[in-house]
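*Asks:* Note that the numbering used here has the sequence shown beginning at 138, numbered continuously upward.
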Amino acid sequence: MDSDGVWRIDRLDAGECREMGLTVRVPRTDVNFVSHQSVRGEGFVRTYRDYTTSRVPALLTNHVHVSSDQMQISASANVKILGEEGTSLSQRTHGSGDYEDREDLRFLSANKSIRLDRSMIADYHKIAFPLPRNGQIGISSLWSEEERARNGITNTTFQAAYRHSTLLDCESKIDLDKNESRVDIVSDFQGRAHFGVLKRPFNSSSGGGDINSVEDYAGDFRARESHRDVGQGLRADRSVSGNGYVARDALMGERQRSHESGTGSYRCEERIDTISNFMSKDLEASFSPESLMVTPRTPLRISGKWAEGMWSRGPSSFIGEEYSEASRLKKRATALSLREMESSADFSGTARFEAAYERDYGRNGSMQVQQSEKLMGDYVVTRKILISGASLFDHPHLNITKDGWLVKDGWQGRDVVVYTITVTNDGNAALGPLFLQDLFPPGARFINATLRPNQLGQNSSNWTLLHLSIGDTVRIGIDLDVENCDGDIINRAVVAGNCSAGLAVARNLSIIDRAWLGGCYPPVEPGKMGCACLEEDGNETEYFDPVRANWEAEGKDNCPLGCPALEDAHKSAMD
Numbered sequence: 138m139d140s141d142g143v144w145r146i147d148r149l150d151a152g153e154c155r156e157m158g159l160t161v162r163v164p165r166t167d168v169n170f171v172s173h174q175s176v177r178g179e180g181f182v183r184t185y186r187d188y189t190t191s192r193v194p195a196l197l198t199n200h201v202h203v204s205s206d207q208m209q210i211s212a213s214a215n216v217k218i219l220g221e222e223g224t225s226l227s228q229r230t231h232g233s234g235d236y237e238d239r240e241d242l243r244f245l246s247a248n249k250s251i252r253l254d255r256s257m258i259a260d261y262h263k264i265a266f267p268l269p270r271n272g273q274i275g276i277s278s279l280w281s282e283e284e285r286a287r288n289g290i291t292n293t294t295f296q297a298a299y300r301h302s303t304l305l306d307c308e309s310k311i312d313l314d315k316n317e318s319r320v321d322i323v324s325d326f327q328g329r330a331h332f333g334v335l336k337r338p339f340n341s342s343s344g345g346g347d348i349n350s351v352e353d354y355a356g357d358f359r360a361r362e363s364h365r366d367v368g369q370g371l372r373a374d375r376s377v378s379g380n381g382y383v384a385r386d387a388l389m390g391e392r393q394r395s396h397e398s399g400t401g402s403y404r405c406e407e408r409i410d411t412i413s414n415f416m417s418k419d420l421e422a423s424f425s426p427e428s429l430m431v432t433p434r435t436p437l438r439i440s441g442k443w444a445e446g447m448w449s450r451g452p453s454s455f456i457g458e459e460y461s462e463a464s465r466l467k468k469r470a471t472a473l474s475l476r477e478m479e480s481s482a483d484f485s486g487t488a489r490f491e492a493a494y495e496r497d498y499g500r501n502g503s504m505q506v507q508q509s510e511k512l513m514g515d516y517v518v519t520r521k522i523l524i525s526g527a528s529l530f531d532h533p534h535l536n537i538t539k540d541g542w543l544v545k546d547g548w549q550g551r552d553v554v555v556y557t558i559t560v561t562n563d564g565n566a567a568l569g570p571l572f573l574q575d576l577f578p579p580g581a582r583f584i585n586a587t588l589r590p591n592q593l594g595q596n597s598s599n600w601t602l603l604h605l606s607i608g609d610t611v612r613i614g615i616d617l618d619v620e621n622c623d624g625d626i627i628n629r630a631v632v633a634g635n636c637s638a639g640l641a642v643a644r645n646l647s648i649i650d651r652a653w654l655g656g657c658y659p660p661v662e663p664g665k666m667g668c669a670c671l672e673e674d675g676n677e678t679e680y681f682d683p684v685r686a687n688w689e690a691e692g693k694d695n696c697p698l699g700c701p702a703l704e705d706a707h708k709s710a711m712d
């Protein structure tokens, strides 16, 4: 190709073919947007805002023109540029009356981050605008406000919507990026409100693993909602109090559920952590009919006694309790895991309690436990159910192991270690909270993890787990950039858990040996030397020595132990 971008061919005989290759790099544009604004006044308001860091698919068309002294011809080819998931935020507001709004927004497409800090106060009343010739027009619109945030990278959606509100005072903080999402909302409203969270796993098409929380309110309420998407799970804290209609349902896959509904006086504080299957609820409710103005001339009358329930389902166990037709209900309940629940309740209505365990031992028979109770009337009930898992020790004990693979990053060609940390409570007591620390090899750099660390340092990452029952296991995947690590890759991990009998501590040391000692073995890429096949001696883990490996019986990708393909290594941390 000449400097003017044209290929010139002196002669092309009949039947002769010339091929030219062309490589085109599509330019990438990154946007940095910062906005600060405040509005205060009286009148009619209608606003909408949309922000997104996603990239939609596009079509790149290349045209080629060939000309000679005898003819001119042309051809074209289309190449599809794939889309890219990102984060998005949408806002909608309208109503009439007094209005005050303050907003700070930061938008950076390079790391898919959107950060919003907003406060709004709206008070409804009818307004009149003057027209020519002494005329006027009146506008009356109850306040509506909606914020919808989506993180397409973690596949999580958040929504907060207010409708038919005569008074609305809300503060929201939304933080989205490629690693996590966080939404904090504090609101005081008179009208209707809807809060929703949906987190869907990428490898599920049936919806069985969805984490779905839906809340609907109508009346006079004050709410505080905090949701944190930490990768492979969701953490939620909520505190709501007020009078009116309530319908709330939270479903954590097929493992756990918490719900309540009714009309009257309501107060609830709840905490959910899907990582450790933890649920805690403090509820107090009393029944009374309610009436709500949905338009200036249309009242909505609702009446329904209280219903509430919590249940946890494990592979071979079920623990649940449910209340219905309750004129009053005061309850505290904590599900520490799928096999443990403790509750106390003072109620007037109907209650049903169930617990079941079943395990098939094949030819040795089976073991089955089933308990069911139903109460009708006024009762005070205290209940504690524990279905213990297998214990290998007669004292509190933890076991920690670590599997790792050394791979090549397909985008940048750097060395990356994909680790899976596995923590198991094999002692005789439930533990919580647990503190897990991973100490990086010298020179390593954190890339990401399946569970976002509570604290991330230059040389370590730290997690806090609320609870781990007897026999339960938690797995965390972590990716480290080890391009600047010299010699063997040595990683250390330590976990500590509390219980009434004391502290249980476990440590792990893992080594990936990538140093060659010479010889005539076939050349191997560093990314193909890590292997999941390991030997354990106590809590120490050593990976195979590539120098002593039997390369005569090598398998796929020059690995004698049959390592997974490089593109599959990252997936192993999520299994």
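The C-beta atom is built at its ideal place from N, Cα and C for all residues, glycine as well.
Decide if R434 is buried, meaning its Cβ has at least 16 other Cβ atoms within 10 Å, or exposed.
*Replies:* By the 10 Å Cβ count, R434 comes out exposed.
*Asks:* By the 10 Å Cβ neighbour count, where 16 or more other Cβ atoms means buried, how is A360 classified, buried or exposed?
*Replies:* Buried, since its Cβ has 16 or more Cβ neighbours within 10 Å.
*Asks:* Out of curiosity, what's the CA-to-CA distance linking R714 and R165?
*Replies:* The chain is shown only over 138 to 712; residue 714 falls outside these bounds and no answer can be derived.
*Asks:* Would a C-beta distance cut-off of 7 angstroms place D306 and D321 closer than the cut-off?
*Replies:* Not closer than 7 angstroms, so no.
*Asks:* Per DSSP, T303 is paired with what?
*Replies:* Its beta-bridge partners do not exist; DSSP assigns none.
*Asks:* Considering just the uninterrupted stretch of the beta strand (DSSP E) at F358, what are its terminal residues?
*Replies:* Taken as a continuous stretch (DSSP letters only), the beta strand (DSSP E) holding F358 covers I348 to D366.
*Asks:* In the DSSP assignment, find the unbroken beta strand (DSSP E) run with R644 in it and report its ends.
*Replies:* Run containing R644: G639 to I649, per the beta strand (DSSP E) assignment.
*Asks:* Could you pull out every residue in the same chain whose Cβ sits closer than 7 angstroms to the Cβ of V431, ignoring the five residues on either side in sequence?
*Replies:* Answer for V431: H301 and L437, listed in chain order.
*Asks:* How is M208 classed by DSSP in three states: helix, strand or coil?
*Replies:* It is coil, neither helix nor strand.
*Asks:* Find out if the Cβ-Cβ distance for the pair E362, R375 is shorter than 7 angstroms.
*Replies:* In contact: E362 and R375 (Cβ atoms closer than 7 angstroms).
*Asks:* Name the DSSP beta bridge partners of E421, please?
*Replies:* The partner list for E421 (beta bridge, DSSP) reads R404 and K467.
*Asks:* Which one of G441, N199 and D167 has the shortest CA to CA distance from G381?
*Replies:* Out of G441, N199 and D167, G441 has the C-alpha closest to the C-alpha of G381.
*Asks:* Got a sec? Which residues, its chain only, sit under 6 angstroms from T190 by beta carbon, not counting five neighbours each side?
*Replies:* Cβ within range, chain order: G223, T224, S246 and K249.
*Asks:* Counting C-beta neighbours from all protein chains within 10 Å, is the total for E689 16 or more, i.e. buried, or is it exposed?
*Replies:* Here E689 scores only 41 on pLDDT, less than 50, and its place in the model is too uncertain to base an answer on.
*Asks:* Can you tell me which of the three DSSP states P426 falls into?
*Replies:* If DSSP states are grouped into helix, strand and coil, P426 belongs with coil.
*Asks:* Tell me the rounded alpha-carbon separation between P590 and S474.
*Replies:* Spanning the two alpha carbons is a distance of roughly 21 angstroms.
*Asks:* State the CB to CB distance for the pair Q273 and A265, rounded to an integer number of angstroms; the pair is presumed to be in contact (CB under 8 angstroms).
*Replies:* Contact holds; Cβ gap of about 5 angstroms.
*Asks:* DSSP three-state label for V163, please.
*Replies:* If DSSP states are grouped into helix, strand and coil, V163 belongs with coil.
*Asks:* Going by the CB atoms, is the gap between L588 and I627 shorter than 7 angstroms?
*Replies:* Not in contact: I627 and L588 (Cβ atoms no closer than 7 angstroms).
*Asks:* Is it the case that the Cβ atoms of H396 and G446 are separated by a distance below 7 angstroms?
*Replies:* Yes. Within cutoff.
*Asks:* So what does DSSP say about G223, is it helix, strand or coil?
*Replies:* Residue state, collapsed to three classes: coil.
*Asks:* Return the Cβ separation of L197 and I218 in integer angstroms, given the expectation that the two are a contact with Cβ distance under 8 angstroms.
*Replies:* Confirmed, Cβ separation roughly 6 angstroms.
*Asks:* According to the neighbour-count rule (16 or more other Cβ atoms, all chains shown, within 10 Å of its Cβ), is F490 buried or exposed?
*Replies:* It is buried - the Cβ of F490 has at least 16 other Cβ atoms within 10 Å.
*Asks:* Identify, in the order they occur along the chain, each residue of the same chain with its Cβ nearer than 7 angstroms to the Cβ of S140, setting aside the five sequence neighbours on each side.
*Replies:* Same-chain partners within the cutoff: there are none.
*Asks:* Counting pairs of Cβ atoms below 8 angstroms between the stretch 506 to 517 and the stretch 531 to 548, do you hit three or more?
*Replies:* Verdict: no, contact absent.
*Asks:* Measuring only the C-alpha atoms, how far is G541 from Y556?
*Replies:* Whole-angstrom Cα-Cα distance: 4 angstroms.
*Asks:* CB-CB under 8 angstroms to I146, same chain, minus the five flanking residues each way: which ones, in chain order?
*Replies:* Cβ neighbours of I146 beyond the five flanking positions: R155.
*Asks:* From the DSSP output, read off the bridge partner residues of F244.
*Replies:* F244 pairs with F170 and I251.
*Asks:* Hey, S120 and S464: beta-carbon distance below 7 angstroms or not?
*Replies:* Residue coverage of the chain in this structure runs from 138 to 712, which leaves residue 120 outside it and unanswerable.
*Asks:* Please state whether DSSP places M157 in a helix, a strand or coil.
*Replies:* In the structure shown, M157 sits in coil (DSSP, three-state: anything other than H, G, I, E or B).
*Asks:* Measuring CA to CA, which of H202, D206, F244 and D419 is closest to A212?
*Replies:* Closest option to A212, Cα to Cα, is H202.
*Asks:* So, with DSSP's three-state summary, where would you put W542?
*Replies:* It is a strand residue.
*Asks:* Which residue or residues does DSSP assign as beta-bridge partners of W600?
*Replies:* Answer is L573, bridged to W600.
*Asks:* Just how far apart, CA to CA, sit I251 and D187?
*Replies:* Looking at the two C-alpha atoms, the distance is approximately 11 angstroms.
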